[in-house]
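According to numbering that gives the first Met the number 0, the first sequence is numbered sequentially starting from 0.
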Amino acid sequence: MLSDAQEELKKRVLKILDLLEKEHPDARIALKFSNPLELLVATILAAQCTDERVNQVTRSLFKKYRSAEDYARADLATLEHDIKPTGFYRKKAQRLKEVCQILVEKFNSEVPRTMEDLLSLPGVARKTANIVLSNAYGVNEGIIVDTHVLRLAKRLGLTQSKTREKIERDLMEIVPREKWGRFADLLIFHGRRVCNARKPKCEICVLKDLCPSRATFST
DNA sequence: CTCCCGATAT
DNA sequence: ATATCAGGAG
0 MLSDAQEELK
10 KRVLKILDLL
20 EKEHPDARIA
30 LKFSNPLELL
40 VATILAAQCT
50 DERVNQVTRS
60 LFKKYRSAED
70 YARADLATLE
80 HDIKPTGFYR
90 KKAQRLKEVC
100 QILVEKFNSE
110 VPRTMEDLLS
120 LPGVARKTAN
130 IVLSNAYGVN
140 EGIIVDTHVL
150 RLAKRLGLTQ
160 SKTREKIERD
170 LMEIVPREKW
180 GRFADLLIFH
190 GRRVCNARKP
200 KCEICVLKDL
210 CPSRATFST
């Protein structure tokens with residue numbers, strides 16, 4: 000069912016994509032990785048942690064742990080120490096080890112390529128799965144709804160929904176499927192550089208003329 | 001909803 | 001002091 004309001008939202012999305020593409024042509028995932036396993040590990044570590052800190056940790060981590068087997072047989076206390084600066088380190092170490100044990104046992108030591116298999120892994124929900132599918136395998140199963148996409152989608156008036164899963168469905172209806180990956184990259188990049196959580200820089204924002212939240216934030 | 005974790009910005 | 005950082009589970 001396509002209401003007029005939804006058609007308007009689709010137009011607004013295209014405008015946003017166009018403006019952000021011109022503003023941030025180099026927008027790209029900030030996590031550093033060289034294969035699907037490294038991306039999965041980096042994304043798990045990225046929960047409530049800046050990508051910069053994750054990259055700092057993974058630079059040495061990826062030299063020490065090169066395969067799913069390496070994590071699967073790691074000493075838990077050692078792994079905790081190796082990822083400590085990313086925060087939540089006990090839970091993250093436990094999940095990394097458990098996830099990699101499952102990869103070894105059930106997935107031939109490889110990172111799954113389907114949403115269903117990824118979601119079966121402990122500590123992997125839709126946000127993490129979408130990042131891996133999109134950035135490691137070029138698959139658009141859904142739209143990454145992380146803290147930035149969540150915040151910007153609300154501020155830009157693209158959704159009124161509360162939960163991540165509803166917001167993802169809302170966005171999937173108004174963003175062209177071939178742009179799902181690009182949409183997330185651009186919103187995340189813009190969210191980090193301009194539309195911050197704390198103090199959004201509305202005065203330099205290329206979206207200010209179409210942003211319903213602009214007045215709220217202007218100084 | 002809380003908990004998990006700690007560094008940093010405001 | 002408090003909110004936030006490419007969240008997910010109980």
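Backbone N, C-alpha and C fix where the C-beta goes; we use that ideal spot for every residue, glycine too.
It should be emphasised that the depicted structure is a prediction, and the values quoted were computed from it without experimental measurement.
Any idea if THR218 is buried or exposed, counting beta-carbon neighbours within 10 angstroms, 16 or more meaning buried? As a first step, residue 218 is located in the first sequence; it is residue number 219 there, counting from the start. Note on THR218: pLDDT 42, under 50, position unreliable in the model; no value is reported.
Given ALA45, which residues of its chain have a CB within under 7 Å of its CB, disregarding the five upstream and five downstream residues? Residue 45 sits at position 46 when you count from the first residue of the first sequence. Excluding positions up to five away in sequence, the list reads LEU30 and VAL53.
List the endpoints of the continuous alpha helix (DSSP H) containing GLY65. As a first step, residue 65 is located in the first sequence; it is residue number 66 there, counting from the start. Here residue 65 turns out to be Arg, not Gly, going by the sequence shown. Counting along the chain, ARG65 falls outside any alpha helix (DSSP H), and DSSP gives it neither H nor E.
For PHE32, the nearest candidate out of CYS194, GLN47 and LYS62 (CA to CA): What you label residue 32 is simply residue 33 of the first sequence in a count that begins at 1. Closest option to PHE32, Cα to Cα, is LYS62.
Distance check for TYR88 and LEU39, CA to CA, integer angstroms please. Here residue 39 corresponds to residue number 40 of the first sequence, with the count starting at 1. Here residue 88 corresponds to residue number 89 of the first sequence, with the count starting at 1. Straight-line Cα distance between these residues: approximately 16 Å.
Taking C-alpha atoms, which residue in GLU51, GLU104, THR49 and PRO84 lies nearest to TYR70? Within the first sequence, numbered from 1, the residue matching residue 70 stands at position 71. Here the closest residue by C-alpha is GLU104.
Hey, ILE166 and LEU149 are a contact pair by Cβ (cut 8 Å); roughly how many whole angstroms apart? Taking the first sequence and counting its residues from 1, one reaches residue 166 at position 167. Taking the first sequence and counting its residues from 1, one reaches residue 149 at position 150. Confirmed, Cβ separation roughly 6 Å.
Determine the extent of the alpha helix (DSSP H) in which ILE166 is found, giving its start and end residues. Numbered from its first residue, the first sequence carries residue 166 at position 167. That run of the alpha helix (DSSP H) goes 163-173.
Backbone secondary structure at PHE106 - three-state DSSP: Locating residue 106 in the first sequence gives position 107, counting from the first residue. Residue state, collapsed to three classes: coil.
Distance, SER160 Cα to VAL205 Cα: The residue labelled residue 205 in the question sits at position 206 within the first sequence. The residue labelled residue 160 in the question sits at position 161 within the first sequence. The straight-line gap from Cα to Cα measures roughly 25 Å.
Could you tell me the alpha carbon to alpha carbon distance between SER59 and ASN134, rounded to whole angstroms? In the first sequence, residue 59 corresponds to position 60, counting from 1. In the first sequence, residue 134 corresponds to position 135, counting from 1. Going from the Cα of SER59 to the Cα of ASN134 covers about 22 Å.
Relative to the alpha-carbon of PRO211, which residue among PHE188, GLN93, ARG154 and ALA183 has its alpha-carbon at the smallest distance? Residue mapping note: residue 211 aligns to position 212 of the first sequence, counting from 1. Residue ARG154 is the option with its Cα nearest to PRO211.
So, for ILE28: in the same chain, excluding its five sequence neighbours on each side, which residues have a beta-carbon less than 6 Å away from its beta-carbon? For this step, residue 28 is matched to residue 29 along the first sequence. ASN134, listed in sequence order.
Same chain only: Cβ atoms within 7 Å of ILE143, ignoring 5 sequence neighbours per side: Translated into positions along the first sequence, residue 143 becomes position 144. Cβ within range, chain order: LYS126, ASN129, ILE130, SER133 and ALA183.
Looking at the structure shown, is SER160 part of a helix, part of a strand, or coil, going by DSSP? Taking the first sequence and counting its residues from 1, the one referred to as residue 160 is at position 161. Looking at SER160 - three-state DSSP - the assignment turns out to be coil, as it is neither helix nor strand.
Coil, strand or helix - GLU140 by DSSP: For the purposes of this step, residue 140 is identified with residue 141 of the first sequence, where counting begins at 1. It is coil, neither helix nor strand.
Candidates LEU8, TYR64 and CYS99: which alpha carbon is nearest LYS81's? Walking along the first sequence from the start, residue 81 turns up at place 82. A small correction: the amino acid at residue 81 is Asp; Lys does not occupy that position in the sequence shown. Comparing Cα positions, the closest option is TYR64.
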